[in-house]
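Enquirer: Residue 11 in full-length UniProt numbering sits at position 11 of the sequence shown, and the numbers go up by one each step.
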Amino acid sequence: MQNIIEIENVSFSYSDTPVLENLNCNIQKGEIIGIIGSNGAGKTTLIKLMIGQLKPQKGSIKIFNFEMDKICKFHNIGYLSQSQDKSKLNFPATVLEVVMMNLYKQVGLFRFYKEEHRQKAINALSLVGMQNYQKRLISELSGGQRQRVMIAKSIVNNPHILILDEPTTGVDKQSCDLIYELIKKLNQEFNLTVIIISHDTKNLKKYCTNLYELDYGRMNRL
Numbered sequence: 001m002q003n004i005i006e007i008e009n010v011s012f013s014y015s016d017t018p019v020l021e022n023l024n025c026n027i028q029k030g031e032i033i034g035i036i037g038s039n040g041a042g043k044t045t046l047i048k049l050m051i052g053q054l055k056p057q058k059g060s061i062k063i064f065n066f067e068m069d070k071i072c073k074f075h076n077i078g079y080l081s082q083s084q085d086k087s088k089l090n091f092p093a094t095v096l097e098v099v100m101m102n103l104y105k106q107v108g109l110f111r112f113y114k115e116e117h118r119q120k121a122i123n124a125l126s127l128v129g130m131q132n133y134q135k136r137l138i139s140e141l142s143g144g145q146r147q148r149v150m151i152a153k154s155i156v157n158n159p160h161i162l163i164l165d166e167p168t169t170g171v172d173k174q175s176c177d178l179i180y181e182l183i184k185k186l187n188q189e190f191n192l193t194v195i196i197i198s199h200d201t202k203n204l205k206k207y208c209t210n211l212y213e214l215d216y217g218r219m220n221r222l
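1) I'd like to check one pair, ILE61 with LEU49: are the Cβ atoms closer than 8 angstroms?
2) Should GLY78 be labelled buried (16 or more other beta-carbon atoms within 10 Å of its own) or exposed?
3) When the Cα of CYS174 is compared with those of GLN57, ARG148, PHE91 and LYS205, which residue comes out closest?
4) Any idea what DSSP makes of CYS25, helix, strand or coil?
5) If you draw a straight line from the C-alpha of PHE66 to the C-alpha of GLU6, how long is it?
6) Can you look up ASP215 in the DSSP assignment and give me helix, strand or coil?
7) Out of TYR133, LEU96 and GLY129, point me to the one whose CA is closest to HIS117's CA.
8) What residue range is occupied by the uninterrupted beta strand (DSSP E) comprising SER7?
9) Relative to the C-alpha of PHE12, which residue among THR193, LEU178, PRO56 and GLY143 is closest?
10) Since LEU162 sits in a beta bridge, which residues does DSSP pair it with?
11) Return the chain-ordered list of same chain residues with a C-beta closer than 8 angstroms to the C-beta of LEU125, the five sequence neighbours on each side being excluded.
12) Using the C-alpha atoms, what's the distance from LEU211 back to LEU164?
13) Along the beta strand (DSSP E) that carries LYS62, what are the first and last residues, could you check?
14) Excluding the five sequence neighbours on either side, which residues of its own chain have a C-beta within less than 8 angstroms of the C-beta of GLY144, listed in chain order?
15) Determine the contact status of LYS43 and GLY37, defining contact as a CB-CB distance below 8 angstroms.
16) Considering only DSSP beta bridges, list what ARG209 is partnered with.
17) Is the Cβ-Cβ distance between ASN76 and PRO159 less than 8 angstroms?
18) Beta-carbon within less than 6 angstroms of ASN102's beta-carbon, same chain only, minus the 5 sequence neighbours each way: which residues are those?
19) For VAL19, which of helix, strand or coil comes out of DSSP?
20) With DSSP as the reference, label ILE51 as helix, strand or coil.
21) Helix or strand or just coil, what does DSSP make of ASP85?
22) If I measure Cβ to Cβ from ARG221 and keep anything under 6 angstroms in the same chain, skipping five residues before and after, which residues do I get?
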């Protein structure tokens, strides 16, 4: 199988504090990868390196054999950050508008969304079963529903890779199970490579192709 992500001898430090040291990992196209680790183990730093917010101080990260700074990361990688509490989503935007926000690279800052952009957002909502909520305010939804909308926002640009940071934090068990089944569906239907950062070891073992533990700079396969 083809390696879609190649992490080679990556090191990163904040000031004099090493976070990642000579990290190596290959992720193949179509895999669901789970990454666990204690707080401070370097999970957030690894995510920032993979989505291009940080650059390795040593080593390299390649996507489809291209260095991170040579690809259009916004279209190749979809990213869902950790859950936000409801108060941070209490703004007057509809579900459809929230998903369309991730199309700004196609629209530009001072242009209007076209029907094609609206349809792309509706299609993404359909994939997560939220198309009937498109006119609802995002602040009116439950935690599990908001997470499904945020997943739709993450996939609206048809990425090759989807990175999810604690996607089920703060949701009930039913919503948690639904989100993992949704991830499985997206993986199977679109051969989408998925990377899940989570403390939910039980579900990671159930749904992931491979599970890794990030242990203070080292990636150990479990």
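Each residue gets a CB set at the ideal place from its N, CA and C atoms; glycine is no exception.
Expert: With the structure as the only source:
1) yes
2) buried
3) The amino acid occupying residue 174 in the given sequence is Gln; Cys does not appear at that position. Answer by Cα proximity: ARG148.
4) strand
5) 9 angstroms
6) strand
7) LEU96
8) It should be pointed out that residue 7 corresponds to Ile in this sequence rather than to Ser. Counting along the chain, the beta strand (DSSP E) containing ILE7 begins and ends at 3 to 14.
9) Comparing Cα-Cα distances from PHE12 to each of THR193, LEU178, PRO56 and GLY143, the minimum goes to PRO56.
10) Per DSSP, GLY78 and VAL194.
11) For LEU125, where only same-chain residues beyond five positions count, the Cβ hits under 8 angstroms are VAL95, LEU96, VAL99, GLN131, TYR133, GLN134, VAL149 and ALA152.
12) 14 angstroms
13) 58 to 63
14) VAL171, ASP172, GLN174, SER175, CYS176, LEU178 and ILE179
15) yes
16) A small correction: the amino acid at residue 209 is Thr; Arg does not occupy that position in the sequence shown. For THR209, which the question treats as bridged, DSSP gives no partner whatsoever.
17) Judged by beta-carbon spacing, PRO159 lies within the 8 angstroms limit of ASN76, meaning their Cβ atoms are closer than that value.
18) LYS153 and VAL156
19) strand
20) coil
21) Its pLDDT being 48, under 50, ASP85 is placed unreliably by the model, and the measurement read from it follows with that caveat. If DSSP states are grouped into helix, strand and coil, ASP85 belongs with coil.
22) TYR212
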